[in-house]
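Okay, so here's the structure we're looking at.
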Ligand SMILES: [Zn+2]
């Protein structure tokens with residue numbers, strides 16, 4: 001029996017690696033299913049070789065087979081572990097220039113990445129999708145995790161982002177001049193084993209000029225060719241699209257997920273719902289600009305623009321939810337002011353502020369996020385056959401989303 005109580009008193013997270021254990025029974029107070037909003041009591045989860053082998057309802061502790069390792073969590077509610085659909089593990093959200101400088105020094109970046117991964121685990125994240133960096137730190141991190149040389153959530157990596165030379169995103173990728181070069185870069189990334197491709201369709205939102213967004217980088221034809229090229233190689237495409245014009249180009253090119261999407265139109269949202277293109281609206285990188293010390297970085301006018309920009313995004317999230325667009329939680333962790341893991345709950349809170357119910361928010365963090373990442377067969381729900389990636393929180397998350405602020409147990 002693993003003693004979790006002692007640790008809970010200190011309000012610290014208990015982490016267990018499921019792959020280290022061949023067999024395990026989890027006996028929680030409750031099991032919460034965000035997809036049905038059901039809260040089950042007297043339910044035990046039998047884990048075998050890292051997967052959920054059996055879910056037994058009406059379970060009594062006298063039914064525990066002798067010799068099995070039992071994790072007893074009578075005060076906790078178990079949910080699927082959380083997923084962040086958009087991070088940059090190479091950046092820490094604190095000092096951009098220092099982080100970029102570290103990428104050429106393997107020891108220096110590794111220390112910072114370790115901290116980013118640790119913060120992610122502490123917040124209940126077992127899976128993150130990395131949006132890339134020009135140092136290939138995200139992909140290198142994934143490879144170290146796979147070799148067991150680092151501790152952290154599973155990473156889906158896209159290596160470098162694909163953008164036009166001289167336009168926004170030089171820290172994300174080398175910048176290409178034409179489609180021929182883009183296809184060469186896609187080949188090279190495929191060769192290095194990336195899981196996703198990131199295409200930069202636009203620049204970023206302005207904090208000084210309301211509604212202004214960095215220029216579109218590719219023509220429709222260029223985007224169509226790159227997206228098809230990626231798909232033919234079996235690579236899904238995440239599109240950095242910060243304006244409605246960029247979103248429309250992405251929809252027509254058939255990208256797999258839309259990232260940011262500030263100022264997206266109702267028509268584009270309806271098209272995304274119809275074509276099944278999910279949206280990762282990343283509100284926290286904008287909203288966090290108004291956190292403490294905002295006055296040091298932004299003028300009062302800028303602060304007003306930031307507020308209007310993210311409040312509009314919240315309205316769009318609400319609209320997207322009613323139109324049936326798949327919504328995923330992505331923090332853009334590593335972007336200025338967004339700390340890995342710690343700001344994950346903030347994005348959940350912003351989704352709730354947009355008018356989504358706790359169950360809807362939790363779906364965006366678990367089952368829908370799994371779909372967005374292309375991992376719906378493996379993770380995101382508590383189901384027989386799925387990987388046993390679980391978190392434990394104190395209380396009823398469907399009544400009080402706040403309980404997610406303090407994840408007390410993680411099986412990853
Ligand atoms: Zn990003």
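Residue numbers (UniProt numbering): 1 to 412. The beta carbon of each residue, even a glycine, is placed where N, CA and C say it ideally should be.
The beta strand (DSSP E) enclosing residue i, as first and last residue numbers
i, result
"residue 52", "51 to 56"
"residue 424", "Only positions 1 to 412 of the chain appear in the structure, and residue 424 is not among them; the question remains open."
"residue 74", "70 to 80"
Extent of the continuous alpha helix (DSSP H) run through residue i
i, result
"residue 183", "179 to 191"
"residue 250", "244 to 253"
"residue 286", "284 to 287"
"residue 225", "220 to 232"
"residue 109", "106 to 122"
"residue 61", "Where residue 61 is concerned, there is no enclosing alpha helix (DSSP H), given that its DSSP letter is neither H nor E."
"residue 449", "Since the first residue shown for the chain is 1 and the last is 412, residue 449 is missing from the structure and cannot be characterised."
"residue 263", "Neither: residue 263 is in no alpha helix (DSSP H) and is coded neither H nor E."
"residue 344", "344 to 353"
Opposing strand residues paired with residue i [DSSP bridges]
i, result
"residue 154", "127"
"residue 198", "161, 238"
"residue 371", "Paired residues: none, contrary to the question."
"residue 279", "258, 327"
"residue 46", "25, 54"
"residue 392", "78, 409"
"residue 14", "409"
"residue 40", "31"
"residue 361", "Residue 361 is not bridged to any residue."
"residue 333", "87, 335"
"residue 387", "51"
"residue 205", "213"
"residue 176", "164"
Spatial neighbours of residue i in its chain, beta-carbon cut-off 7 Å, leaving aside the 5 residues before and after
i, result
"residue 192", "139, 159"
"residue 245", "216"
"residue 64", "25, 70"
"residue 365", "82, 83, 329, 348"
"residue 136", "159, 160"
"residue 124", "81, 82, 391, 407, 410"
"residue 320", "269, 279, 327"
"residue 342", "119, 123"
"residue 323", "269, 270, 273"
"residue 414", "Past the edges of the chain, shown from 1 to 412, lies residue 414, and the structure says nothing about it."
"residue 400", "none"
Neighbourhood of residue i by C-beta, 8 Å cutoff - its chain only, sequence neighbours within 5 removed
i, result
"residue 29", "41, 73, 74, 75, 76, 77"
"residue 112", "92, 99, 102"
"residue 403", "77, 393, 394, 395, 396, 397"
"residue 257", "85, 236, 237, 238, 239, 277, 278, 279, 280, 328, 372"
"residue 57", "40, 42, 43"
"residue 285", "331, 332, 335, 336, 337, 338"
"residue 218", "164, 199, 201, 226, 249"
"residue 121", "13, 15, 151, 152, 153, 341, 410, 412"
Status (buried if at least 16 other CB within 10 Å, exposed otherwise) for residue i
i, result
"residue 220", "exposed"
"residue 164", "buried"
"residue 296", "exposed"
"residue 347", "buried"
"residue 1", "Only weak support is given to the placement of residue 1: the predicted model assigns it a pLDDT of 39, under 50, and the value that follows is read from those uncertain coordinates. By the neighbour-count rule (16 or more Cβ atoms within 10 Å), residue 1 is not buried but exposed."
"residue 291", "exposed"
"residue 60", "exposed"
"residue 142", "buried"
"residue 447", "Lying before the first or after the last residue shown, residue 447 is absent from the chain, which here runs from 1 to 412."
"residue 293", "exposed"
"residue 107", "exposed"
"residue 169", "buried"
"residue 363", "buried"
"residue 309", "buried"
"residue 19", "exposed"
"residue 189", "buried"
"residue 243", "buried"
Own chain partners of residue i with C-beta closer than 6 Å, once the 5 adjacent residues on each side are dropped
i, result
"residue 208", "302"
"residue 224", "253"
"residue 456", "With the chain covering 1 to 412 only, the question about residue 456 has no answer from this structure."
"residue 16", "411"
"residue 325", "269, 272, 273, 279"
"residue 318", "354, 355"
"residue 179", "222, 225"
"residue 183", "229"
"residue 154", "127"
"residue 131", "86, 88, 198"
"residue 405", "345"
Indicate whether the contact test is met: 3 or more Cβ pairs, each with one atom in the stretch 84 to 102 and one in the stretch 382 to 396, closer than 8 Å.
no
If we count Cβ pairs, one from each stretch, closer than 8 Å, do we get three or more for the stretch 92 to 103 versus the stretch 327 to 341?
yes
Do three or more CB pairs link the stretch 351 to 363 to the stretch 309 to 319 at distances below 8 Å?
yes
Is the number of C-beta pairs between the stretch 112 to 122 and the stretch 138 to 157 that are closer than 8 Å three or more?
yes
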